[in-house]
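Trainee: Encoded as structure tokens, here's the structure I'll be asking about.
In UniProt numbering, the protein residues as written are 1 to 451.
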């Protein structure tokens, strides 16, 4: 299998084994990303050496995204010193977090190197959509049939709720939010303009009905059904809020908007909520939101305590991955004594507590730059594909940032890798040339090698 084939396989496999949360799973993700990146760079170095080129042949998006890559790498250096000195309350957990971080940073670089053409970008998004659709169909079937299986084993929690092959329904919801965002972006890139006579418009309609656009819309509807069936309050809230926010930005900022684009964005909200929700229980999600009180939830208190940890360790942090060991000393009396929290249920607060303020700001800056690139892709690009990819990256990032305020999606490897993919796609959407194909020098080299 080629490296591009391995990259595609990794995209599809990421959510399958418990979302990568098991200790035997995530190291394979990290090692795969690092090995594929090393092999790619090795080939480019050999090509440079053989052809006596002054520099490596790299995609435009990769070179433009070096600031974000540098920020992510700097955070790993920071975690390395947390582990080395050590300032961490658990050296082993910080060491594991360092390996996870290196894997994620490698994956960011790997995505930028691989997604160097319109064809590859489209293919990667389709793979994500298909992987999410599988999760959606599997999760929905488990709920509707009562089989209640997870990843080859019977579910021990969240029975009657869609979890896919994840352990936690909220993490399936987080994955679906990001995949839906990319799928909607791809759908926008395929907007149809009906022009000409009645006969010509009828032909255009028939071609559209026979195209992959209809299949894509069907898959998105299935994913929305599964998202509703998770009964995840913030998962559903984050999806629809991010769709409204990004859709509003698109309608205000996009140049040369078509009527079909406006209708599509409106229909996504109206159809998905009014029709899909009516049959599959969106009112139950609303009921869960209404019934949420301070007596039934303690996440706000955990966030409050976590922010106190962050204040007490503002610069150095307690050490990446060590929340579970530090939290008991800060646990408030208004939280039940038998409640054990492995994570803060607020990724933003947990990152600040574990990494310290300087590293947290580096991460925040990397995300903000990526959001800006995604918005600028919608504003400045002429390519419908890259405008759509910018929309999807922007919506997906916003959705997970909203969801992460009350959950720990970014502690789940599959969702963390998906989030990093969104950051990379934001750079690809902003900087990849309109007619980008694989560099001709590399192409000729491979043709000669294969000949």
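Ideal placement from N, C-alpha and C gives every residue a C-beta, glycine not left out. Here the structure is a predicted model, which means the values were calculated and not measured.
(1) Within the 8 Å Cβ cut-off, does residue 255 reach chain C?
(2) For the region 406–417 and the region 38–48, state whether three or more C-beta atom pairs, one from each stretch, are separated by less than 8 Å.
(3) DSSP three-state label for residue 154, please.
(4) Using the C-alpha atoms, what's the distance from residue 180 back to residue 154?
(5) How would you call residue 215, buried or exposed, if buried means at least 16 neighbouring beta carbons within 10 angstroms?
(6) List the DSSP bridge partners of residue 188.
(7) Who are the near neighbours of residue 110 in its chain, counting only those whose CB is closer than 6 Å to its CB and skipping five residues on each side?
(8) Which two residues bound the contiguous alpha helix (DSSP H) that contains residue 231?
(9) Indicate the three-state DSSP secondary structure (helix, strand or coil) for residue 149 in the structure shown.
(10) Could you name the residues of the same chain whose beta carbon sits closer than 6 Å to that of residue 252, not counting the 5 residues immediately before and after it, in chain order?
(11) Can you have a look at residue 318 and say buried or exposed, based on whether 16 or more other CB atoms are within 10 angstroms of its CB?
(12) For residue 381, which three-state DSSP category applies?
(13) Taking C-alpha atoms, which residue in 53, 413, 429 lies nearest to residue 28?
(14) Do the CB positions of residue 31 and residue 322 come within less than 8 Å of each other?
(15) Does the beta-carbon of residue 298 have 16 or more other beta-carbons within 10 angstroms, so that it is buried, or is it exposed?
(16) Should the region 330–348 be called in touch with the region 379–395, which here means at least 3 C-beta pairs below 8 Å?
(17) Quick one: give me the first and last residue of the alpha helix (DSSP H) that residue 25 is part of.
(18) Three Cβ pairs or more, each shorter than 8 Å: is that satisfied between the region 123–140 and the region 64–80?
(19) Let's test the definition: count the other Cβ atoms within 10 Å of the Cβ of residue 147 and tell me whether it reaches 16, buried, or not, exposed.
(20) Using a 10 Å radius around the Cβ and a threshold of 16 neighbouring Cβ atoms, would you call residue 418 buried or exposed?
(21) Which value, in whole angstroms, describes the spacing of the CA atoms of residue 160 and residue 93?
(22) Measure the C-alpha to C-alpha separation of residue 222 and residue 75 and round it to an integer number of angstroms.
(23) Once the 5 residues before and after residue 308 are set aside, which same chain residues still bring their CB inside 8 Å of it?
(24) If contacts are defined as beta-carbon pairs under 8 Å, then residue 422 and residue 393 qualify, I think. What distance do you get, rounded to the angstrom?
(25) Using CA atoms only, rank isn't needed, just tell me which of 97, 10, 240, 391 is closest to residue 131.
(26) Cβ of residue 105 within 8 Å of Cβ of residue 58?
(27) When the Cα of residue 26 is compared with those of 165, 125, 301, 96, which residue comes out closest?
(28) Flag this pair as yes or no: are the beta carbons of residue 84 and residue 320 separated by less than 8 Å?
(29) What residue range is occupied by the uninterrupted alpha helix (DSSP H) comprising residue 415?
(30) For residue 294, which of helix, strand or coil comes out of DSSP?
(31) If you count every other CB in all the chains shown that lies within 10 Å of the CB of residue 240, and 16 or more means buried, which is it?
(32) So residue 182 and residue 396 are supposed to be a Cβ contact under 8 Å. How far apart are they, rounded?
(33) Using DSSP with H/G/I as helix, E/B as strand and the rest coil, what is residue 98?
(34) Rounded C-beta distance between residue 166 and residue 18? I'm assuming under 8 Å.
(35) Does the distance between the C-beta of residue 401 and the nearest non-hydrogen atom of the ligand FMN fall short of 7 Å?
Mentor: In terms of the structure at hand:
(1) Protein chains in the displayed structure number just one, and chain C is not present.
(2) Flag = no, the region 406–417 and the region 38–48 do not touch.
(3) Here residue 154 refers to the residue found at position 154 of the chain shown. The answer is strand: DSSP assigns residue 154 an E or B state.
(4) The residue given as residue 154 occupies position 154 in the chain shown. The residue given as residue 180 occupies position 180 in the chain shown. Taking the straight line joining both Cα atoms gives about 27 Å.
(5) Locating residue 215 in the chain shown gives position 215, counting from the first residue. That one is exposed.
(6) Locating residue 188 in the chain shown gives position 188, where the first residue counts as 1. BP columns for residue 188 are empty, so no partner.
(7) Within the chain shown, the letter at position 110 stands for residue 110. Answer for residue 110: 33, 36, 37, listed in chain order.
(8) What you label residue 231 is simply residue 231 of the chain shown in a count that begins at 1. Here residue 231 belongs to no alpha helix (DSSP H), and DSSP marks it neither H nor E.
(9) Sequence index remark: in the chain shown, residue 149 carries index 149 (1-based). The answer is strand: DSSP assigns residue 149 an E or B state.
(10) Within the chain shown, residue 252 is the residue found at index 252, counting from 1. No residues qualify anywhere along the chain.
(11) On the chain shown, position 318 is the one that residue 318 refers to. Buried, by the Cβ-count rule.
(12) Locating residue 381 in the chain shown gives position 381, where the first residue counts as 1. Under the three-state reduction of DSSP, residue 381 is assigned to coil, being neither helix nor strand.
(13) Reading the chain shown from its first residue, position 28 is the one you call residue 28. Comparing Cα-Cα distances from residue 28 to each of 53, 413, 429, the minimum goes to 413.
(14) As a first step, residue 31 is located in the chain shown; it is residue number 31 there, counting from the start. As a first step, residue 322 is located in the chain shown; it is residue number 322 there, counting from the start. At the C-beta level, residue 31 and residue 322 stay beyond 8 Å of one another.
(15) As a first step, residue 298 must be located in the chain shown, where it is residue number 298. Residue 298 should be labelled buried.
(16) With a cut-off of 8 Å on Cβ pairs, the region 330–348 is not in contact with the region 379–395, counting fewer than three such pairs.
(17) Taking the chain shown and counting its residues from 1, the one referred to as residue 25 is at position 25. First-last for residue 25: undefined, no H or E at that position.
(18) no
(19) Along the chain shown, read from residue 1 onward, the residue named residue 147 stands at position 147. By the 10 Å Cβ count, residue 147 comes out exposed.
(20) Taking the first residue of the chain shown as 1, we reach residue 418 at position 418. Buried.
(21) Position 160 of the chain shown, counted from the first residue, corresponds to residue 160. Position 93 of the chain shown, counted from the first residue, corresponds to residue 93. The alpha-carbon atoms of residue 160 and residue 93 are separated by roughly 34 Å.
(22) Here residue 222 corresponds to residue number 222 of the chain shown, with the count starting at 1. Here residue 75 corresponds to residue number 75 of the chain shown, with the count starting at 1. Using only the alpha carbons, I get a separation of about 38 Å.
(23) For the purposes of this step, residue 308 is taken as residue 308 along the chain shown, with counting starting at 1. Cβ within range, chain order: 330.
(24) For the purposes of this step, residue 422 is taken as the residue at position 422 of the chain shown. For the purposes of this step, residue 393 is taken as the residue at position 393 of the chain shown. Confirmed, Cβ separation roughly 5 Å.
(25) Taking the first residue of the chain shown as position 1, residue 131 is located at position 131. Cα-wise, what sits closest to residue 131 is 10.
(26) The count along the chain shown starts at 1 and reaches residue 105 at position 105. The count along the chain shown starts at 1 and reaches residue 58 at position 58. No.
(27) In the chain shown, counting from the first residue as 1, residue 26 sits at position 26. Taking only the C-alpha atoms, the option nearest residue 26 is 96.
(28) By one-based count along the chain shown, residue 84 stands at place 84. By one-based count along the chain shown, residue 320 stands at place 320. No, the pair does not count as a contact, with Cβ atoms beyond the cut-off.
(29) To locate residue 415, count along the chain shown from 1; it is residue 415. First-last of the alpha helix (DSSP H) with residue 415: 413–431.
(30) Stepping through the chain shown from its first residue, residue 294 is reached at position 294. Because residue 294 sits at a pLDDT of 49, beneath the cut-off of 50, its placement in the model cannot be relied upon, and the following sentence gives the value as read from the coordinates. DSSP places residue 294 in coil when its eight states are reduced to three.
(31) Numbered from its first residue, the chain shown carries residue 240 at position 240. Burial state of residue 240 is buried, judged by a 10 Å Cβ sphere holding 16 or more other Cβ atoms.
(32) Taking the chain shown and counting its residues from 1, one reaches residue 182 at position 182. Taking the chain shown and counting its residues from 1, one reaches residue 396 at position 396. Indeed they touch by this definition, with Cβ atoms about 6 Å apart.
(33) Here residue 98 corresponds to residue number 98 of the chain shown, with the count starting at 1. In the displayed model, residue 98 falls within a helix according to three-state DSSP.
(34) Reading the chain shown from its first residue, position 166 is the one you call residue 166. Reading the chain shown from its first residue, position 18 is the one you call residue 18. Residue 166 to residue 18, Cβ: 6 Å. Contact.
(35) As presented, the structure is devoid of all ligands, the ligand FMN included, so that no description of it is given.
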